[in-house]
Every structure is written in structure tokens, then in C-alpha cells.
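So the structure is just underneath, and the comments pick up after that.
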Amino acid sequence: MDGFTIRVATAEDEAALSDICVRTADRGKDASDHYSDYQYPGLIWALPYLRFCRDTCLVLTRHGKVVGYAVGTPDTLQFEATLKNSWWPELRQRFGQRAALSPGDRYVLDYFHEPEVAPNDIATRFPAHLHINLLPDAQGKGMGRELLEALLCSLKRSGATGVHLGVNHLNEPVTEFYRKVGFAEIARLPSIIMAMDLCAMGTEIVHRCDPK
Ligand SMILES: CC(C)(COP(=O)(O)OP(=O)(O)OC[C@H]1O[C@@H](n2cnc3c(N)ncnc32)[C@H](O)[C@@H]1OP(=O)(O)O)[C@@H](O)C(=O)NCCC(=O)NCCS
694 MDGFTIRVAT
704 AEDEAALSDI
714 CVRTADRGKD
724 ASDHYSDYQY
734 PGLIWALPYL
744 RFCRDTCLVL
754 TRHGKVVGYA
764 VGTPDTLQFE
774 ATLKNSWWPE
784 LRQRFGQRAA
794 LSPGDRYVLD
804 YFHEPEVAPN
814 DIATRFPAHL
824 HINLLPDAQG
834 KGMGRELLEA
844 LLCSLKRSGA
854 TGVHLGVNHL
864 NEPVTEFYRK
874 VGFAEIARLP
884 SIIMAMDLCA
894 MGTEIVHRCD
904 PK
């Protein structure tokens with residue numbers, strides 16, 4: 694696999710996840726200059742999974758360096774309840790005195806007070822959800838598909854029967870990637886919600902889930 698390896702994430706991957714998150718947060722492009730603190734987007738879209746759902750957090754490494762991640766939770770409603778009690782209060786405390794120096798900062802600091810939650814009907818029908826991000830040098834080599842399929846296996850093993858995800862409508866071309874792995878669009882909120890039934894997962898993916 695050209696030096697690529699997929700493994701379960703560890704607590705030591707925190708800085709790498711924050712870095713990859715901000716470098717892909719602007720519809721897949723580098724958003725570092727949108728925030729006064731590079732950690733901000735990772736605190737929403739990457740690190741809570743590492744803290745509370747480590748078993749369903751995978752990293753892609755190349756020659757030992759983390760170049761991508763796929764993080765998810767098998768149970769969105771339970772995850773949101775955990776964050777409500779144990780993650781957002783901690784961030785409000787930690788960053789409560791911070792001033793917003795850009796619209797990106799404003800979005801994140803407001804988000805700590807009013808985090809987005811999944812519509813109940815979607816989280817009930819497709820209980821798991823996920824995020825996947827690869828650094829530009831790792832993209833376009835088939836590794837996103839490998840990583841996503843490995844995460845789907847992991848979510849299924851954790852008991853999830855279905856999975857959903859959101860795509861920023863300004864990043865619509867990426868929906869093609871998810872379609873190729875078996876997702877279908879189910880709603881526009883306006884973010885594009887895509888979902889997949891893990892019980893009806895394609896046989897090639899199921900085969901990959903089987904222990905070798
Ligand atoms: C989206 C992403 C995870 C895809 O991973 P990748 O390694 O680049 O994709 P792969 O090489 O595994 O591609 C698998 C298939 O999806 C297609 N595909 C991948 N990205 C695509 C895109 N942006 N638009 C259209 N098709 C795409 C590939 O052409 C390939 O098709 P094929 O199987 O017919 O050859 C990766 O490009 C990425 O992290 N992008 C930046 C962050 C981002 O946008 N994340 C998603 C947020 S919702």
C-alpha cells in the first residue's frame with residue numbers, strides 16, 4: 694500500500710487529528726487562516742470521538758506519520774448526550790474568556806454553546822455517524838475508500854445497523870466518493886445528509902470485516 698497503514702487511533706494522535714482537521718476544514722481545503730487557534734475545528738469534528746469513542750477512530754499513516762483519519766460513533770444519540778454532559782461544558786470553561794478574532798472563531802466559540810444535533814428520525818434510522826479527512830498528499834490513491842470501509846466494519850462490529858454523515862453543500866462533489874462506497878443521499882438541511890444501511894453492506898466490504 695505504498696507505505697500506508699490503517700490502525701486504531703491512540704490518545705497520542707490528538708495533535709495530528711487537530712492538524713489534519715484544520716488543514717481540510719474549508720470544504721476539504723486548508724482553513725488554518727480562518728481561525729486564531731488551529732485547534733478550534735478539531736475540538737468539534739475530531740477530538741470528541743477520540744475521547745469518547747476510541748474504538749471507532751482510525752488513523753491512516755504513511756511511513757509512520759499520521760496523514761488521515763476516520764472517526765465515528767456507533768450511537769449518535771448517546772454520543773450527543775455524553776458530549777452535552779462531559780465535553781461542551783469543559784470547552785465552555787476552557788475557552789469561555791476567548792474573544793472571537795474572525796468569523797471562523799465566532800462559529801466555533803458559539804458552537805460550544807449551541808452544538809448541532811442530528812435530526813431524531815435520521816439518528817434513529819441510521820444510528821452511527823462519521824467524519825473522514827485525508828491530507829492532500831494522501832488523497833486520490835484509494836486510501837480514503839480503504840479507510841472508510843475499515844471504519845464501516847468497525848461501526849458494524851460495535852453494533853450499529855446504519856450510518857449517516859453530513860456533507861457541506863459547498864463541498865457537493867465529494868458526495869460522489871461516498872456514493873462509490875455505498876451511501877445514498879437522504880436529505881438536504883441544507884448540508885447534504887447521506888446514509889447507508891450497515892446490514893445490507895456490500896459483500897466485498899463485509900469480506901474485509903472478517904478477521905483474516
Ligand atoms: C474525500 C476523501 C476522504 C476521499 O478520499 P480519497 O483517498 O481522496 O479517495 P479515493 O482515492 O479512495 O477515491 C475512491 C473513489 O471516490 C472517488 N472520489 C474521491 N474523491 C472524490 C471527489 N472529491 N469527487 C468525486 N469523486 C471522488 C474517486 O475518484 C474514486 O473513484 P473510483 O473508485 O471509481 O476510482 C479525501 O479526498 C479527503 O479527505 N478530502 C478532503 C476532506 C474532505 O472533503 N472530507 C469529506 C468531508 S464530508
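Quick note on this note's numbering: the sequence shown kicks off at 694 and runs consecutively. We put the beta carbon where it would ideally sit given N, CA and C, even for glycine.
Excluding its 5 nearest sequence neighbours in each direction, Ser795 has C-beta neighbours in its own chain below 7 Å: His727, Tyr728 and Ser729, listed in chain order.
Runs of beta strand (DSSP E) with 3 or more residues, each lying fully within the region 793-831, are found at 821-827, listed in chain order. Its Cα nearest to that of Pro883, the residue Ala811 stands out among Phe870, Ala811, Cys714 and Arg747. Unbroken beta strand (DSSP E) runs of no fewer than 3 residues, entirely contained in the region 744-771, are found at 750-755 and 758-766, following chain order. In this structure, Val760 sits away from Ile825, with a CB-CB distance that is not shorter than 9 Å. Annotated as proximal: Leu740 and Ser711, with beta-carbon spacing under 9 Å. For a cut-off of 8 Å, the C-beta gap from Gly735 to Val752 is around 13 Å, too long to register as a contact. Any heavy atom of ligand 1 counts here; residues with a Cβ closer than 6 Å to one of them, in chain order, are Thr717, Gly721, Ile825, Asn826, Leu827, Gln832, Gly833, Lys834, Gly835, Met836, Gly837, Arg838, Val860, Asn864, Pro866, Val867, Glu869, Phe870 and Lys873. Looking only at Leu828, Asp814 and Ala831, the smallest Cα-Cα distance to Ile886 is reached by Asp814. Bridge pairing for Thr698: Thr754 [DSSP].
In the DSSP assignment, Arg716 falls outside any beta strand (DSSP E) and within the unbroken alpha helix (DSSP H) covering Glu707 to Arg716. If you draw a straight line from the Cα of Val801 to the Cα of Glu809, it comes to about 11 Å.
Just measuring C-alpha positions, the residue of Gly835, Gln732, Ala877 and His756 sitting nearest Arg787 is Gln732. Exposure of Cys892 is indicated by the presence of fewer than 16 other C-beta atoms within 10 angstroms of its C-beta. Residue pairing by DSSP puts Asp719 in a beta bridge opposite Lys722. DSSP lists Gly855 as the beta-bridge partner residues of Asp890. Setting aside the 5 residues that flank it on each side, Asn861 is surrounded in the same chain by Arg720 and Ser884, each with a C-beta closer than 7 Å to its C-beta; the list follows chain order.
Of all alpha-carbon atoms in Tyr804, Ala888 and Ala880, the one lying nearest the alpha-carbon of Ile737 is that of Tyr804. Nearest C-alpha to Phe697 among Lys834, Leu770, Arg744 and Leu784: Lys834. Contact annotation: Leu770 and Leu823 have beta-carbon atoms that are not nearer than 9 Å. Cβ contact annotation for Asn864 (same chain, cutoff 7 Å, sequence separation greater than five): Arg720 and Gly721, in chain order.
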